[in-house]
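Here's the structure we're looking at; comments come further down.
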Amino acid sequence: NAGVTQTPKFQVLKTGQSMTLQCAQDMNHNSMYWYRQDPGMGLRLIYYSASEGTTDKGEVPNGYNVSRLNKREFSLRLESAAPSQTSVYFCASRKVGLGRGRSTEAFFGQGTRLTVV
Amino acid sequence: QKEVEQNSGPLSVPEGAIASLNCTYSDRGSQSFFWYRQYSGKSPELIMFIYSNGDKEDGRFTAQLNKASQYVSLLIRDSQPSDSATYLCAVNQAGTALIFGKGTTLSVSS
Numbered sequence: 506n507a508g509v510t511q512t513p514k515f516q517v518l519k520t521g522q523s524m525t526l527q528c529a530q531d532m533n534h535n536s537m538y539w540y541r542q543d544p545g546m547g548l549r550l551i552y553y554s555a556s557e558g559t560t561d562k563g564e565v566p567n568g569y570n571v572s573r574l575n576k577r578e579f580s581l582r583l584e585s586a587a588p589s590q591t592s593v594y595f596c597a598s599r600k601v602g603l604g605r606g607r608s609t610e611a612f613f614g615q616g617t618r619l620t621v622v
Numbered sequence: 342q343k344e345v346e347q348n349s350g351p352l353s354v355p356e357g358a359i360a361s362l363n364c365t366y367s368d369r370g371s372q373s374f375f376w377y378r379q380y381s382g383k384s385p386e387l388i389m390f391i392y393s394n395g396d397k398e399d400g401r402f403t404a405q406l407n408k409a410s411q412y413v414s415l416l417i418r419d420s421q422p423s424d425s426a427t428y429l430c431a432v433n434q435a436g437t438a439l440i441f442g443k444g445t446t447l448s449v450s451s
């Protein structure tokens, strides 16, 4: 049982290059998330997918796109990378819809450390 | 203003003391609340979750929730140097967005 798997773990891009961060979970969770973490800023939500076939913007969506490929996979794409997108990116998943507005905790991948030069 | 607020710290306590971490949130419709611990360079890991008003205890950790005042707190009793980390409060907003605070850095000195 691998949990949440992110690839790659490290990446260096030049300004203007594009790339896709991959995320897959094997816990049969319905919701998946992408966060970025910068020093002193906590985790900021970029995009999330409540269920297969749906995606929604989070707190900092500009410069990113996402695809919920199927129930297991949720990818994050940077079309034209900028130095401001240098960050650590985390993918997470969890099960929502337990009733009474409750949900399980989020499980996190190992993170992707992205540097844009 | 971020929708989930935490004091960034650092919060420094001596070994064996009680560490108190606080979090406030803005969405009155929130129903699920989580505390995560994150060591430097690692992924966040869950410490506790709480759904209902009042206290919830798990070992040395106690989570407290007051929905009327829109705050949730975490108490760590008998703090250990290994508790030194960043503690993140997360709130499930109406719907499925899970929003985190900026985190509080805790330092426990031996």
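Line by line, the protein sequences give chains A and B.
By the working numbering, the letter at position 29 of the first sequence is numbered 534, and the numbering carries on one by one without gaps.
By the working numbering, the letter at position 51 of the second sequence is numbered 392, and the numbering carries on one by one without gaps.
Ideal Cβ positions, reconstructed from N, Cα and C, are used throughout, including at glycine.
Because the structure is a prediction, the values reported are computed rather than measured.
Does the distance from the C-beta atom of residue i to that of residue j stay below 9 Å?
i	j	result
B:F441	B:Y377	yes
A:K514	A:T617	yes
B:S420	B:A404	no
B:E344	B:S367	yes
B:C364	B:V432	yes
A:A529	A:E578	yes
B:G444	A:G614	no
B:S381	B:A426	yes
B:L416	B:Q379	no
B:F402	A:T609	no
For residue i and residue j, I'd like the C-alpha separation in whole angstroms.
i	j	result
A:K519	A:V622	5 Å
A:S556	A:R582	19 Å
A:T560	A:Y569	12 Å
B:I359	B:N394	21 Å
A:Q527	A:A611	17 Å
B:T437	A:V601	7 Å
B:F354	A:R573	The sequence as given places Val at residue 354 of chain B; Phe does not occur at that position. Rounded to whole angstroms, B:V354 to A:R573 spans 44 Å at the Cα level.
A:G508	A:M532	6 Å
B:S374	A:N567	The residue you asked about is not Ser; residue 374 of chain B is Phe in the sequence shown. Looking at the two C-alpha atoms, the distance is approximately 27 Å.
B:G357	B:L439	32 Å
A:Y538	B:P422	32 Å
B:Q372	A:A587	36 Å
A:N575	A:K562	18 Å
B:N348	A:Q522	37 Å
A:T591	B:L352	28 Å
A:G604	B:E346	26 Å
B:L294	B:D424	This structure gives no information on residue 294 of chain B, because the portion of chain B shown stretches from 342 to 451.
A:Y540	B:R369	23 Å
A:S536	A:Q516	26 Å
B:T446	A:S589	24 Å
A:G543	A:Y552	For clarity, residue 543 of chain A is Asp in the given sequence; the question names Gly instead. A:D543 and A:Y552: Cα-Cα distance of roughly 16 Å.
A:M571	A:T510	In the sequence under discussion, the amino acid at residue 571 of chain A is Val, which differs from the Met named in the question. About 16 Å.
B:D396	A:T512	39 Å
Pull the bridge partners of residue i from the DSSP assignment, please.
i	result
A:E564	BP columns for A:E564 are empty, so no partner.
A:E610	Note: A:E610 sits in no beta bridge, so no partner.
A:T617	A:Y594
A:L581	A:L526 and A:V571
B:D452	In the structure as shown, chain B begins at 342 and stops at 451. Residue 452 of chain B is therefore absent and cannot be evaluated.
B:T427	B:Q379 and B:T446
A:S536	A:R599
B:Q434	Its beta-bridge partners do not exist; DSSP assigns none.
B:K397	B:A404
B:I417	B:A360 and B:F402
B:P355	B:S450
A:Q516	A:L619
Give a yes or no on contact between the region 403-415 of chain B and the region 582-596 of chain A, applying the rule of three or more CB pairs nearer than 8 Å. No: fewer than three Cβ pairs fall under 8 Å.
For the region 531-556 of chain A, which residues have a CB atom closer than 9 Å to at least one CB atom of chain B, in sequence order? Answer in chain order: N535, S536, Y538, Y540, Q542, G545, M546, G547, L548, R549, L550, Y553, S554, A555 and S556.
Just by C-beta distance, which residues in the region 380-395 of chain B are closer than 7 Å to chain C?
The chain inventory of the structure shown lacks chain C, comprising the protein chains A and B.
### Chain-ordered residues of the region 345-371 of chain B with a beta carbon less than 7 Å from chain A
Within the region 345-371 of chain B, the residues whose Cβ lies closer than 7 Å to some Cβ of chain A are S349, listed in chain order.
- Query: Just by C-beta distance, which residues in the region 568-590 of chain A are closer than 8 Å to chain B?
  - Reply: Per Cβ criterion, the list is empty.
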